[in-house]
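In my numbering, the protein residues as written are 15 to 479.
So, in structure tokens, the structure goes:
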């Protein structure tokens, strides 16, 4: 297990833990030679192999190699040991933009400055054939000068990943920020989908709340599909016009980035100068991502396994990996009572998970009221003090063999629900649970190895000069 003060590769002294998720954690570190602060993202090789996420890690390396911009977090180098992958990245001191938004709406001029920097970064990405696909405040950092930095390219798509129709076909992104055409799973233009996400972010900055929310994902998706939202009364007329043009559910008529940059609201105080950005002109494959994974077994065959059930909802894999685990804006702005829901990840198929939930329901004498599309509705036979207890279990697909499951009380007594969860449901699920979200994975403390300094091999180094 990596400890504060330990040294990686005789180059980096590890500092405090900045954050962690199911598959990765991020430490502050110091370059022993230069004294420069960096952030080191540590990814567990075995875990990402087991759940078929190798391609996403390789993609993150390729994309970060390709994209160099003042408003994008820079990747300095990648290292690997027998059990870990280490991303050495620019350390951004100011924290997440999320932290500012969570305190409430921003002043219009402040929101405009952040939005101008975001659009500049996204425009640059698109010019290099890169689409981020998971833009949200949690993936946007601020440096010590208050300048915006876009991070987390694990879901980004290079332009050569398009099919012959020129459209991307993977459902990615965090639900509240996803464009309607992405939800429809009929293929989409990555640049237009990113523009939509930028519009949601702009709304959040100005309103301090999400434009689309609902009691469940399907309700949220319905509102997104119709662009069904309202403006708070403090939005200026020009801000309303711009947001309305961005949050156009029809991608063919949605405003483009060049048109956004021409709008009067955007142009205010924007001193546009063509940025002289140092870029790697080599092919993105020149950073040999394959070398990181060594002779490990390929897990693509598992990812291609067919399932008997209708596919559950598809969820952004890097939501789970995200090193700022637990930051879900929809919960914050929907005033969701965290005591009413629990989430766990599982490396079982959806069929196995549903079968297990049915067994538990039978044992607890709960009626299965509904079962479709990865959603089970369980209801108690007895009337409690607040009516019959009703529980929704919704399954989200990360890969075909890795899922996130949300168990939530939809009606009835909260205390009764909590008691049933702790006494009956959680213990009964233990053989299919990878980890409960918000808990430190059981195996992490036991299995994380000390940095193997003798086995660490430097891979291609991305020059920061």
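Cβ atoms here follow ideal geometry from the backbone N, Cα and C, with glycine treated the same way.
Neighbour-count burial assignment, residue 242, 16 or more Cβ in a 10 Å radius
Position 228 of the chain shown, counting from 1, holds the residue named residue 242. Exposed is the call here.
The stretch 204-224 / the stretch 137-148 touching (three or more Cβ pairs under 8 Å)
Per the Cβ contact rule, the stretch 204-224 is in contact with the stretch 137-148 (3 or more Cβ pairs under 8 Å).
Alpha carbons only, please: which of 259, 264, 160 and 149 is nearest the one belonging to residue 202?
On the chain shown, position 188 is the one that residue 202 refers to. Cα-wise, what sits closest to residue 202 is 264.
Take residue 27 and list the residues in its own chain whose beta-carbon comes closer than 8 Å to its own, dropping the five residues that flank it on each side.
Numbered from its first residue, the chain shown carries residue 27 at position 13. Once the five neighbours on either side are set aside, the close Cβ partners of residue 27 are 19, 20, 21, 43, 44 and 46.
Buried or exposed: where does residue 355 fall if 16 or more other Cβ atoms within 10 Å of its Cβ makes it buried?
Your numbering for residue 355 matches position 341 in the chain shown. Buried, since its Cβ has 16 or more Cβ neighbours within 10 Å.
Residue 405 and residue 423 closer than 7 Å at C-beta
Against the chain shown, residue 405 aligns to sequence position 391. Against the chain shown, residue 423 aligns to sequence position 409. Closer than 7 Å, so yes.
Can you find the residues in the same chain that come closer than 6 Å, C-beta to C-beta, to residue 383, ignoring five residues on each side of it along the sequence?
Indexing the chain shown from 1 puts residue 383 at position 369. 391 and 393, listed in sequence order.
Given the structure, does residue 273 come close to the ligand NAD, in the sense that its CB is under 6 Å from one of the ligand's heavy atoms?
Summarising the ligand content, the structure contains no ligands, and the ligand NAD is consequently not present.
Cβ pair residue 92, residue 75 closer than 7 Å:
Taking the chain shown and counting its residues from 1, one reaches residue 92 at position 78. Taking the chain shown and counting its residues from 1, one reaches residue 75 at position 61. The criterion of a C-beta distance shorter than 7 Å is satisfied by residue 92 and residue 75.
Once the 5 residues before and after residue 104 are set aside, which same chain residues still bring their CB inside 6 Å of it?
Position 90 of the chain shown, counted from the first residue, corresponds to residue 104. In its chain, beyond the 5 residues on either side, 87 and 88 have a beta carbon closer than 6 Å to the beta carbon of residue 104.
Specify the secondary structure class of residue 480 as computed by DSSP and reduced to three states.
Missing from the structure shown is residue 480; the chain here goes from 15 to 479 and no further.
What separation, rounded to the nearest whole angstrom, lies between the Cα atoms of residue 121 and residue 277?
Within the chain shown, residue 121 is the residue found at index 107, counting from 1. Within the chain shown, residue 277 is the residue found at index 263, counting from 1. C-alpha of residue 121 to C-alpha of residue 277: approximately 19 Å in a straight line.
Which listed residue (41, 282 and 136) has its alpha carbon closest to that of residue 1
With the chain covering 15 to 479 only, the question about residue 1 has no answer from this structure.
Identify the residues that DSSP records as bridge partners of residue 123: which are they?
Position 109 of the chain shown, counting from 1, holds the residue named residue 123. None, per the DSSP bridge assignment.
Should residue 361 and residue 279 be called a contact, given that it needs their Cβ atoms to be closer than 7 Å?
Translated into the one-based positions of the chain shown, residue 361 becomes position 347. Translated into the one-based positions of the chain shown, residue 279 becomes position 265. Taking 7 Å as the cut-off, the Cβ atoms of residue 361 and residue 279 do not count as close.
Give the DSSP-derived three-state secondary structure of residue 105 in the structure shown.
Numbered from 1 along the chain shown, position 91 holds the residue referred to as residue 105. Note: residue 105 maps to coil in three-state DSSP.
Whole-angstrom distance between residue 217 and residue 268, CA atom to CA atom
Translated into the one-based positions of the chain shown, residue 268 becomes position 254. Translated into the one-based positions of the chain shown, residue 217 becomes position 203. Looking at the two C-alpha atoms, the distance is approximately 16 Å.
Which word fits residue 395, buried or exposed, when buried means at least 16 other C-beta atoms lie within 10 angstroms of its C-beta?
Here residue 395 refers to the residue found at position 381 when the chain shown is read from its first residue. Under this definition residue 395 is an exposed residue.
One question on the structure: do residue 55 and residue 101 come within less than 7 Å of each other, judged by their Cβ atoms?
In the chain shown, the residue the question calls residue 55 occupies position 41. In the chain shown, the residue the question calls residue 101 occupies position 87. Against a cut-off of 7 Å, the Cβ pair of residue 101 and residue 55 comes out as a contact.
Just mark residue 247 as buried or exposed, buried being the case when its beta carbon has 16 or more other beta carbons within 10 Å.
Here the question's residue 247 lines up with position 233 in the chain shown. Looking at its Cβ environment, which holds fewer than 16 other Cβ atoms inside 10 Å, residue 247 is exposed.
Taking DSSP as the reference, what is the three-state secondary structure of residue 255?
Counting from one through the chain shown, the residue named residue 255 turns up at place 241. The DSSP-derived three-state label of residue 255 is helix.
Same chain, Cβ closer than 7 Å to residue 312, neighbours up to 5 away in sequence not counted
Here residue 312 refers to the residue found at position 298 of the chain shown. Because the pLDDT of residue 312 is 39, which lies under 50, any placement of that residue in the model is unreliable, and the number read from its coordinates should be weighed accordingly. None.
Can you tell me whether residue 87 is helix, strand or coil according to DSSP?
Your numbering for residue 87 matches position 73 in the chain shown. Correct three-state label for residue 87: coil.
Measure from the alpha carbon of residue 32 to the alpha carbon of each residue in 23, 52, 439 and 48, then state which is nearest.
As a working mapping, residue 32 is identified with position 18 in the chain shown. Nearest Cα to residue 32 within the set 23, 52, 439 and 48: 52.
Which residue comes first and which comes last in the beta strand (DSSP E) that contains residue 40?
Position 26 of the chain shown, counted from the first residue, corresponds to residue 40. Per DSSP, the unbroken beta strand (DSSP E) holding residue 40 starts and ends at 38-45.
Endpoints, the beta strand (DSSP E) within which residue 440 is located:
In the chain shown, counting from the first residue as 1, residue 440 sits at position 426. Unbroken run through residue 440 is the alpha helix (DSSP H), 440-443; no beta strand (DSSP E).
Do residue 194 and residue 239 have their beta-carbon atoms positioned less than 7 Å apart in this structure?
Working through the chain shown from its first residue, we reach residue 239 at position 225. Working through the chain shown from its first residue, we reach residue 194 at position 180. Yes, the pair counts as a contact, with Cβ atoms nearer than the cut-off.
Starting from residue 221 and walking both ways along the beta strand (DSSP E), at which residues does that stretch end?
As a position in the chain shown, residue 221 is number 207, starting the count at 1. Premise fails: residue 221 lies in the alpha helix (DSSP H), 204-221, not in any beta strand (DSSP E).
In or out: residue 415 buried (at least 16 other Cβ within 10 Å) or exposed?
Working through the chain shown from its first residue, we reach residue 415 at position 401. That one is buried.
Have a look at 58, 250, 401 and 159 and flag the residue whose alpha-carbon is nearest the alpha-carbon of residue 84.
Taking the first residue of the chain shown as 1, we reach residue 84 at position 70. Relative to the Cα of residue 84, the nearest Cα in the group 58, 250, 401 and 159 belongs to 159.
Mind checking which residues open and close the beta strand (DSSP E) that includes residue 424?
Locating residue 424 in the chain shown gives position 410, counting from the first residue. Run containing residue 424: 416-425, per the beta strand (DSSP E) assignment.
Could you give the C-beta distance for residue 232 and residue 189, rounded to a whole number, given that I count them as a contact under 8 Å?
In the chain shown, the residue the question calls residue 232 occupies position 218. In the chain shown, the residue the question calls residue 189 occupies position 175. Contact annotation, residue 232 with residue 189: C-beta distance approximately 10 Å; criterion of less than 8 Å not satisfied.
Coarse secondary structure for residue 428, derived from DSSP in three states:
In the chain shown, counting from the first residue as 1, residue 428 sits at position 414. DSSP places residue 428 in the helix class (H, G or I) of the three-state scheme.
From what residue to what residue does the alpha helix (DSSP H) around residue 196 run?
Residue 196 sits at position 182 when you count from the first residue of the chain shown. Where residue 196 is concerned, the enclosing alpha helix (DSSP H) starts and stops at 194-197.
Assuming residue 4 and residue 149 make a contact with CB atoms under 8 Å, what is their CB distance in whole Å?
With the chain running from 15 to 479 in the structure shown, residue 4 is simply not present.
Let me check understanding here. Comparing Cα to Cα, which of 24, 225 and 138 lies closest to residue 261?
Walking along the chain shown from the start, residue 261 turns up at place 247. Distance from the Cα of residue 261 is smallest, within the candidate group 24, 225 and 138, for 225.
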